[in-house]
Amino acid sequence: MKSCLLKFVCQHSYKIGLFIWVTLMGCYSGNEAQLPPPSHIPLSARYQLAGVAVTTDTIKLPIDSLTESKFSCFNFKQLGTQSVFAFFDKNTFLLNIYDLHRKECIKRLNIKEIAKDYRPLLRTKVYFKSYDSIYVYSNMNLYRIDTNGTVKDSIGLLFDPYRASSSFQNTSPPVFVDNQLVLPASPTLDCTNKGDLQKWRLVYRIEWNISKASLLYKLPEWSLDSMYDKQFLAPSYCYNPLSKQFVFSFAPDSNIYVTDLVKTHYSYSCRSQGVSKNMPSFTLEDIKDGESSYKAFLKRDSYGPVYFDPYMKRYLRVAEKKINGLEYSDKQLIKEHSILIMDSSFRVIGESIVDKNINLYSLIFTPNGMYARADSTRSEDTIYLVKLDYEDLADKVLTKK
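In my numbering, the protein residues as written are 15 to 415.
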């Protein structure tokens, strides 16, 4: 009996090993085994059809002397007829909730209050979904609280197969699909090690009902033959709730990637006219420390965040032009940037250069149009949200002809 069993194992060892590998991969990354490599869909760009223009329409939100006018953790939510803009101030640890129509702060929530019975808050990020559901990430833990500071749910993020932290960013926002939450993952892996790059996953899937966190979505193939710092491997993404598709943008790559994270996976060209096709690979010298990495980024063309406009059914992508040596020496460290406009089928239909003082990492979309923060020094006690309008350039092109 034992000899028969041994013979069977020897004859079928490859199949058994493959079965075990597939099973482990399924446990490791959910439905990732079903996701094929991206199929490229070629579409001809038509840059002359649409544009974006900065207007003089500005929303001014007053802040107190303790609150910073520049912040990285914020979001917009339309709750019925109420337009809510919320941002987390890391100096005061307050979540500031504004009504955009009234242009005033209607609620301040002290996030430190949730630390009374929990671990100390470190590297804290906050996302406002509703008055009953405010999400707080801190120290490898995710909490759901209400505006009273009551913790309703919590879950720890993963240390196995490797440590992967997370955050809430306007450029990679949490996405709520059914009973699941998708948010960015930031692995503690070596970006110069090919084996680590193959294990690298880009997003978390949180299943609250079974208290499970899993990692999904591999890096693109080009990352295995290149070298970039971690921040350039971290994608921006947006989500279209109508098609149930995520759209990913990577700094070095002119393509965007469209997927449901389960079965469908496509790539489309979204190349700027003003920047080179792809960002050159970094060197070991470029990534020896944060300052060197930042310098390498500034001296290369790159792509920034990608957005979905739910009101106009369009996609927008930021492109950034490298600075020259003189600009770097003079500490002029803000890149010139433009916005690429895509239609609902991911065809590029326009590109517009935007003033450098308009922060294109802060775009929000409201029923009244899209707004971005103006990073100026006009006033330290006011947040300026400037409106950007679409331009239909097709008629102008026909007129010129």
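Beta carbons are placed, not taken as given, at the ideal position from N, Cα and C, and that holds for glycine.
- Within its own chain, the residues whose Cβ lies closer than 6 Å to the Cβ of GLN259, once the five positions on either side in sequence are excluded, are VAL272 and ASP274, listed in chain order.
- Scanning the region 56 to 83 for uninterrupted alpha helix (DSSP H) segments of 4 residues or longer gives nothing; none is fully contained.
- In this structure, the alpha-carbon of HIS54 lies about 38 Å from that of SER147.
- Bridge pairing for HIS279: THR273 [DSSP].
- For TYR308, the enclosing alpha helix (DSSP H) begins and ends at 304 to 312.
- THR396 is bridged by DSSP to PRO76.
- For PHE379, there is no enclosing alpha helix (DSSP H); the residue is part of the beta strand (DSSP E) that begins and ends at 372 to 380.
- Cβ contact annotation for THR202 (same chain, cutoff 8 Å, sequence separation greater than five): TYR176, ARG177, ALA178 and SER179, in chain order.
- The region 68 to 84 makes contact with the region 384 to 403: 3 or more CB pairs, one atom from each, lie closer than 8 Å.
- Close CB contacts of MET356 within its chain, under the 6 Å cut and outside five residues either way in sequence, are with TYR329 and VAL362 (chain order).
- The criterion of a C-beta distance shorter than 8 Å is satisfied by GLN96 and ASP113.
- Collapsing the DSSP output to three states places ASN223 in a helix.
- Taking 8 Å as the cut-off, the Cβ atoms of LEU195 and TRP222 count as close.
- In this structure, DSSP gives LEU330 an extended state, which the three-state scheme calls strand.
- Between GLU405 and ALA64, the C-beta gap is smaller than 8 Å, which places the two residues in contact.
- Beta bridge pairing from DSSP links HIS54 with SER281.
- Taking a 10 Å sphere around the C-beta of VAL217, we find 16 or more other C-beta atoms and assign the residue as buried.
- Straight-line spacing of the CA atoms in ASP210 and LYS232 works out to 11 Å.
- By the CB criterion at 8 Å, ILE125 and ILE111 fall outside the cutoff.
- It is roughly 35 Å from the alpha-carbon of ASP395 to the alpha-carbon of ASP167.
- Taking one beta carbon from each stretch, the region 236 to 251 and the region 292 to 299 have 3 or more pairs nearer than 8 Å; the two touch.
- From the listed residues PRO52, ASP71, LEU238 and LEU57, the smallest Cα separation to SER283 is found for LEU57.
- CA-CA distance, PHE311 to PRO255, rounds to 32 Å.
- When the five nearest sequence neighbours on each side are left out, the beta carbons in the same chain lying within less than 7 Å of the beta carbon of PRO52 are those of TYR271, HIS279, TYR280 and SER281, in order along the chain.
- Taking C-beta atoms under 8 Å as the contact rule, GLN287 and GLU365 qualify, at a distance of about 6 Å.
- A direct Cα-Cα distance of roughly 38 Å separates LEU407 from SER343.
- Positions of the alpha helix (DSSP H) runs, each at least 4 residues long and wholly inside the region 97 to 149, cannot be given because no such run exists.
- Here DSSP, grouped into helix, strand and coil, assigns ALA386 to strand.
- When secondary structure is reduced to three states using DSSP, PHE296 falls in the coil class, being assigned neither helix nor strand.
- In summary, ARG285 is buried, with 16 or more beta-carbon neighbours lying within 10 Å of its beta-carbon over all protein chains present.
- Of GLY383, THR72, GLY339 and SER290, the smallest CA-CA separation from ASP315 is found for SER290.
- Distance between PHE173 and MET154, taken at the CA atoms: about 9 Å.
- Here PHE360 carries a coil assignment [DSSP, helix/strand/coil].
- If you draw a 10 Å sphere on the C-beta of LEU347, you find fewer than 16 other C-beta atoms in it, and that means exposed.
- Counting only residues of its own chain and dropping the five nearest sequence neighbours on each side, LEU197 has a CB closer than 6 Å to the CB of SER180, PRO188 and TYR218.
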